[in-house]
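Chemist: In our numbering, each residue's number is its place in the sequence shown (first place is 1) plus 30.
C-beta atoms are modelled at their ideal positions from N, C-alpha and C, and glycine is treated no differently.
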Amino acid sequence: MKKFYSKSTALVFFMAGVLSQNVSAQCAVTTGPTNDCSYGDAIDNFSIGTTTSSNTGCSNSSGYSAYSTPVFNFDLDVPYALSANVGGATYDQGLAIWIDLNNDGVYDASEQVYASSTAALSHTGTITIASTFPGVVIGTPLPMRVMCAYSTVLTGSDACTSSIGSYGETEDYVAVISGVLPSNVEATAVFEPFDLDCGDVSDSVKVTVTNLTANDEINVPVELNLSGLVTGTYYDTIPSLLGNASMDLNMAVINTQVGGTLNAELIVSLVGDGDTSDDTLAVTIDILDATDLVITGDSVVCEGDSLDLSISNPSGAEVYDWYIDGVTATSGTNINTGALIASSQITVESSNGCRANDTLDVTVNLVPVLSFTSSVNGGTVDFTGTVANEDSVSWDFGDGSTGSGTNVQHTYTSNGGYFVCFTAYSSCGSVDYCDSVMVSTIGVDELFLGGTVEVYPNPTADEVNINFDASDAFTGKWELYDIDGKVLQSKTVDGVSSLSISLGQYPVGTYILKMTSDSGEAFRKELMKN
């Protein structure tokens, strides 16, 4: 019969003293959990296979002891019978055993190799160390923990917890595992190119293969399948891969400069591999476009015109910024430069730092600038032109004649006002400069239609009279011009012997009277308005 009255008294005292000493369930193997075994809640003896521990009863009142003997030996994948007596044949105990199989200094829940399903005075079972346990260490002394707890079923996370069940004992031993581990070579990583790496015309695809066991392996076949940005299958063989070691391989050199999604599948197909779940690794790598930006469009423009430019190779969700002579202009794949008046430098850059900027040097061809002056000497006029930014020039003398050259001379056969145009030509088209020239070579009274013409008063403040002294009256057309050659008045008459023309409405200056008979004879006269 359990002594509940004395246990209750001890429980209150014990918990008040050691509760603060509880540690994480997965802790260093050197952490010895404490408990109270003084009432007989102890590991009396136990056997695993042919090895027996006879450290009878409660060896330490704190409930924790560590022993260097006996050493428990296990062969991989071999079942070993377990039998244990606990609780001093009086108090039911739950029993559990842990081995730090990967020798990382921590008892993990997965390293619990035995746990009783109930609390009892004796326990039997089987312990088998599986060769498939990840990282199990062969031939090295490993920490082993045996724990009992009063009236408690122990879980995998209890290896380092004190005061479980209020009563119990923990004993630490040494275990050694022997055997040959099955091969387990893992497709570990495709570590180059990196995700969001810049593309390259010669980009290496590098992988990592890892031997997860202590076995040395030879002739390990490796396969790499690529799709997406680049398609291809590549093979290699690792002649020697040491146990618990990794090896990096350069599987391929590919062109990733344009960027995109690269799908990579790494396969390790070692014959006899005991764990095929990690033999294949599939990854997706996004590679950034690293091609140089290219501006497309004209590089020559006429003064005052604009250019429409664009990027010939835009990519993805990049943002493009445009600059004109270093000053921010706009964003996007296109730009309208606006009116350009001087040669400029247009630059575009991408938010993708993998891409080199492009710069377009724009030549602005200047529009011709010109003028001329004239010097009249009778019917001969000397024209002096001034011109810049031209390829060639021409003249229109206003009488149906043309000419070329910057400085020219032209002789008119008739008096009057002539509208002369000086034209300059370039790749940007043509520009005209026009002005009027007045030619007068006939005296005040001249023969006209076989007689004379009398013009008076000249100068005049208002009206001027024209009388004809001829055998026939005048039939034809008369016209009045200003000095720029603009027609101010005109009239057709029939058989008149005199005319009156009013200048009163015009400003002071020189005006030209032109009379042309129906027979084709012409008369020109300067009229002065005062």
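For the beta strand (DSSP E) containing Thr310, list its first residue and its last residue.
Modeler: Start and end: Thr310 to Leu318.
Chemist: Spell out a yes or no on whether the segment 283-292 and the segment 310-322 are touching, meaning 3 or more CB-CB pairs, one atom from each, closer than 8 angstroms.
Modeler: Because the criterion of three Cβ pairs below 8 angstroms is met, the segment 283-292 and the segment 310-322 touch.
Chemist: Determine which residues share a DSSP beta bridge with Pro109 and list them.
Modeler: In the DSSP output, where bridge partners are listed per residue, Pro109 has Thr158.
Chemist: Have a look at Val517, Ser530, Phe104 and Asn445 and flag the residue whose alpha-carbon is nearest the alpha-carbon of Phe553.
Modeler: With distances taken between Cα atoms, Phe553 lies closest to Asn445.
Chemist: How long is the line joining the alpha carbons of Phe104 and Ala275, rounded to whole angstroms?
Modeler: If you take the alpha carbons of Phe104 and Ala275, they lie about 25 angstroms apart.
Chemist: Shortest alpha-carbon distance to Cys190 belongs to which of Arg175, Tyr203 and Ser181?
Modeler: The candidate whose alpha carbon is nearest that of Cys190 is Arg175.
Chemist: Please classify Asn280 as buried or exposed, where buried requires at least 16 other C-beta atoms within 10 Å of its C-beta.
Modeler: Asn280 comes out exposed.
Chemist: Taking all protein chains shown into account, decide if Gly534 is buried (16 or more other Cβ within 10 angstroms of its Cβ) or exposed.
Modeler: The residue is exposed, with fewer than 16 neighbouring Cβ atoms inside 10 Å.
Chemist: Rounded to whole angstroms, how far is the Cβ of Gly118 from the Cβ of Gly87, which I believe are closer than 8 angstroms?
Modeler: Going by Cβ atoms, the distance from Gly118 to Gly87 rounds to 7 angstroms, so yes, they are a contact pair.
Chemist: Express the C-alpha separation of Val392 and Tyr536 in angstroms, rounding to a whole number.
Modeler: For Tyr536 and Val392, the distance between alpha carbons rounds to 52 angstroms.
Chemist: Select from Asp188, Gly327 and Leu543 the residue whose C-alpha is nearest the C-alpha of Glu493.
Modeler: Taking only the C-alpha atoms, the option nearest Glu493 is Leu543.
Chemist: At 3 residues or longer, what runs of the beta strand (DSSP E) sit wholly inside the segment 57-123?
Modeler: Segments of the beta strand (DSSP E) lying fully in the segment 57-123: 73-78, 81-83, 94-105 and 109-116.
Chemist: Can you give me the Cβ contacts of Val206 inside the same chain, cut-off strictly under 8 angstroms, excluding the 5 residues immediately before and after it?
Modeler: Answer for Val206: Val101, Phe102, Asn103, Phe104, Gly169, Thr170, Pro171 and Leu172, listed in chain order.
Chemist: Locate the beta strand (DSSP E) running through Ala179, then write down its first and last residues.
Modeler: That run of the beta strand (DSSP E) goes Leu172 to Tyr180.
Chemist: Would Tyr350 and Thr377 be called neighbours here (beta carbons separated by less than 8 angstroms)?
Modeler: Their beta carbons are not under 8 angstroms apart, which means Tyr350 does not touch Thr377 by this criterion.
Chemist: Short check: CB of Ser84 to CB of Asn75, under 8 angstroms?
Modeler: Yes. Within cutoff.
Chemist: For Gly473, count the other beta carbons within 10 Å of its own beta carbon; 16 or more makes it buried, fewer makes it exposed. Which is it?
Modeler: Because Gly473 sits at a pLDDT of 41, beneath the cut-off of 50, its placement in the model cannot be relied upon, and the point is left open.
Chemist: Count the other CB atoms, across all protein chains shown, that sit within 10 Å of the CB of Lys516; report buried if there are 16 or more and exposed otherwise.
Modeler: When all chains shown are included, Lys516 counts as exposed.
Chemist: Near Tyr264, which residues of its chain fall below 6 angstroms by C-beta distance, leaving aside the five closest residues on each side in sequence?
Modeler: Closer than 6 angstroms at Cβ, skipping near neighbours: Leu254, Met281 and Ala282.
Chemist: Should Pro398 go down as buried or exposed, given a rule of 16 or more other Cβ atoms within 10 Å for buried?
Modeler: By the 10 Å Cβ count, Pro398 comes out buried.
Chemist: Using the C-alpha atoms, what's the distance from Asp138 back to Ser192?
Modeler: C-alpha separation (whole angstroms): 16 angstroms.
Chemist: If you run the structure through DSSP and keep just helix, strand and coil, what is Thr389?
Modeler: Thr389 falls in the strand class under three-state DSSP.
Chemist: For Gly79, which residues of its own chain have a beta-carbon under 7 angstroms away from its beta-carbon, when the five flanking residues on both sides are left out?
Modeler: Excluding positions up to five away in sequence, the list reads Tyr110 and Ala111.
Chemist: Near Val461, which residues of its chain fall below 8 angstroms by C-beta distance, leaving aside the five closest residues on each side in sequence?
Modeler: Only Val397, Pro398, Val399, Leu400, Thr453 and Ala454 meet the Cβ criterion.
Chemist: Give the secondary structure of Thr377 by DSSP, where H, G and I count as helix, E and B as strand, and everything else as coil.
Modeler: The answer is strand: DSSP assigns Thr377 an E or B state.
Chemist: Would the segment 354-361 and the segment 418-437 be scored as touching if the rule is three or more Cβ pairs under 8 angstroms?
Modeler: Contact between the segment 354-361 and the segment 418-437 is absent, because fewer than three Cβ pairs lie under 8 angstroms.
Chemist: For Leu271, count the other beta carbons within 10 Å of its own beta carbon; 16 or more makes it buried, fewer makes it exposed. Which is it?
Modeler: Answer is buried; the Cβ neighbour count reaches 16.
Chemist: Verify whether the separation of the beta carbon atoms of Asn364 and Leu323 is less than 8 angstroms.
Modeler: No, these two residues do not count as a Cβ contact at 8 angstroms.
Chemist: Could you give the distance in angstroms between the alpha-carbon of Leu510 and the alpha-carbon of Leu557?
Modeler: Computed Cα separation, rounded: 9 angstroms.
Chemist: Looking only at DSSP bridge pairs, what is Val324 linked to?
Modeler: Bridge partners of Val324: none, in fact.
Chemist: Along the chain, where does the beta strand (DSSP E) containing Ser520 start, and where does it finish?
Modeler: Segment Val517 to Val526, the beta strand (DSSP E) holding Ser520.
Chemist: Taking 7 angstroms as the limit between beta carbons, can you name the residues of its chain near Ala372, skipping five residues before and five after?
Modeler: Correct list, in chain order: Val394.
Chemist: If we require 3 or more residues per run, which beta strand (DSSP E) segments fall completely within the segment 393-448?
Modeler: Whole beta strand (DSSP E) segments, 3+ residues: 399-407, 410-418, 422-426 and 437-441.
Chemist: Do you know offhand how far Tyr197's Cα is from Ile73's?
Modeler: One C-alpha to the other measures close to 12 angstroms.
Chemist: Hey, quick one: how far does the beta strand (DSSP E) through Ala359 stretch, first residue to last?
Modeler: It spans Val357 to Ser361 - the beta strand (DSSP E) in which Ala359 sits, taken as one unbroken run.
Chemist: Bridge partners of Gly262, per DSSP?
Modeler: Answer is Leu256, bridged to Gly262.
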